[in-house]
Amino acid sequence: MAPATHQAYTHSAIQGTDRKERILLMLYEGAVKFARFAKNGIEKNNPKIKGENISKMMAILTELDCALDRESGEVLADNLSGLYRYMMDRLTFANIKNNMGALDEVERLLLELKEAFEEGARKKPIKSSIQPSAETPEIQKGLSLAV
């Protein structure tokens, strides 16, 4: 792979990872926002506001669960999936019983997950883990400059 090609590939891979991290964090932020709106619906005795926002949270949790990479991170994916299902159960309970405590619990869990992923993103090594095979010293030199 030519140095310029590798550099573009590495840049694209890193951008893709950064984009995925941003999307993940935005999903958590959205779910937290919808939790607050749903609590507002309970406080105002407005089942429409409560229900719509709990539905949005359920949709986000479902997407997060479906997006888990169950092959490369089996244990972590299974744990997160279980936590997402637990939160969906709590949201169902909150919706049926107008239970503010269940919404508070889900909001707290979402915030903790968001903070954990933010911390992981901050600690992520800058150097790319993508290492193409290089056959010539010129390519090796180009790789060290690109990464």
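In the working numbering, each number is its position in the sequence shown, counted from 1, plus 260.
The beta-carbon is built from N, C-alpha and C at its ideal position, and this holds for glycine as well.
| query | Would you call the segment 295–305 and the segment 328–341 in contact, with 3 or more CB pairs under 8 Å? | reply | With a cut-off of 8 Å on Cβ pairs, the segment 295–305 is not in contact with the segment 328–341, counting fewer than three such pairs.
| task | Run through the segment 346–392 for me and flag every whole alpha helix (DSSP H) of 4 or more residues, listed as ranges in chain order. | result | Listed in chain order, they are 360–383.
| query | Using the C-alpha atoms, what's the distance from N339 back to Y288? | reply | Here the question's residue 288 lines up with position 28 in the sequence shown. Here the question's residue 339 lines up with position 79 in the sequence shown. Straight across, the Cα-Cα distance linking Y288 with N339 is about 17 Å.
| Short check: CB of M360 to CB of K304, under 9 Å? | Counting from 1 along the sequence shown, the entry for residue 360 is found at position 100. Counting from 1 along the sequence shown, the entry for residue 304 is found at position 44. Between M360 and K304, the gap from beta carbon to beta carbon reaches 9 Å or more.
| query | When the Cα atoms are used, what is the spatial distance from L351 to A327? | reply | As a working note, residue 351 is residue 91 in the sequence shown. As a working note, residue 327 is residue 67 in the sequence shown. Roughly 20 Å between the two C-alpha positions.
| query | Which whole-angstrom value describes the C-beta separation of L324 and Y346, a residue pair presumed to lie in contact below a C-beta threshold of 8 Å? | reply | On the sequence shown, position 64 is the one that residue 324 refers to. On the sequence shown, position 86 is the one that residue 346 refers to. The Cβ separation is near 13 Å, so there is no contact.
| message | Among R330, E379, E331 and S341, whose alpha-carbon lies nearest the alpha-carbon of L321? | response | The sequence position of residue 321 within the sequence shown is 61, counting from 1. Considering only alpha carbons, the answer is S341.
| message | On the criterion of 16 or more Cβ atoms from any shown chain inside 10 Å, does A376 qualify as buried, or is it exposed? | response | Residue mapping note: residue 376 aligns to position 116 of the sequence shown, counting from 1. Exposed.
| message | Measuring straight from C-alpha to C-alpha, what distance separates D364 and R330? | response | Within the sequence shown, the letter at position 104 stands for residue 364. Within the sequence shown, the letter at position 70 stands for residue 330. Distance between D364 and R330, taken at the CA atoms: about 29 Å.
| request: Return the CA-CA distance between I386 and E378, expressed in angstroms with no decimal places. | output: Numbered from 1 along the sequence shown, position 126 holds the residue referred to as residue 386. Numbered from 1 along the sequence shown, position 118 holds the residue referred to as residue 378. Reliability of the predicted coordinates at I386 is poor, the pLDDT of 46 falling under 50, and the value obtained from them is presented with this limitation in mind. Distance from the CA of I386 to the CA of E378, rounded to the nearest whole angstrom, comes to 15 Å.
| query | Cα separation between R382 and V366? | reply | For this step, residue 382 is matched to residue 122 along the sequence shown. For this step, residue 366 is matched to residue 106 along the sequence shown. Rounded to the nearest whole angstrom, the C-alpha separation of R382 and V366 is 24 Å.
| query | Can you tell me where the alpha helix (DSSP H) with E323 in it begins and where it stops? | reply | What you label residue 323 is simply residue 63 of the sequence shown in a count that begins at 1. It spans P307 to C326 - the alpha helix (DSSP H) in which E323 sits, taken as one unbroken run.
| query | Taking C-alpha atoms, which residue in E372, I302, L371 and K308 lies nearest to A354? | reply | The residue labelled residue 354 in the question sits at position 94 within the sequence shown. Distance from the Cα of A354 is smallest, within the candidate group E372, I302, L371 and K308, for I302.
| said: Can you tell me whether K310 is buried or exposed? The criterion is at least 16 other CB atoms within 10 Å of its CB, across all chains shown. | reply: Working through the sequence shown from its first residue, we reach residue 310 at position 50. Label assigned to K310: buried.
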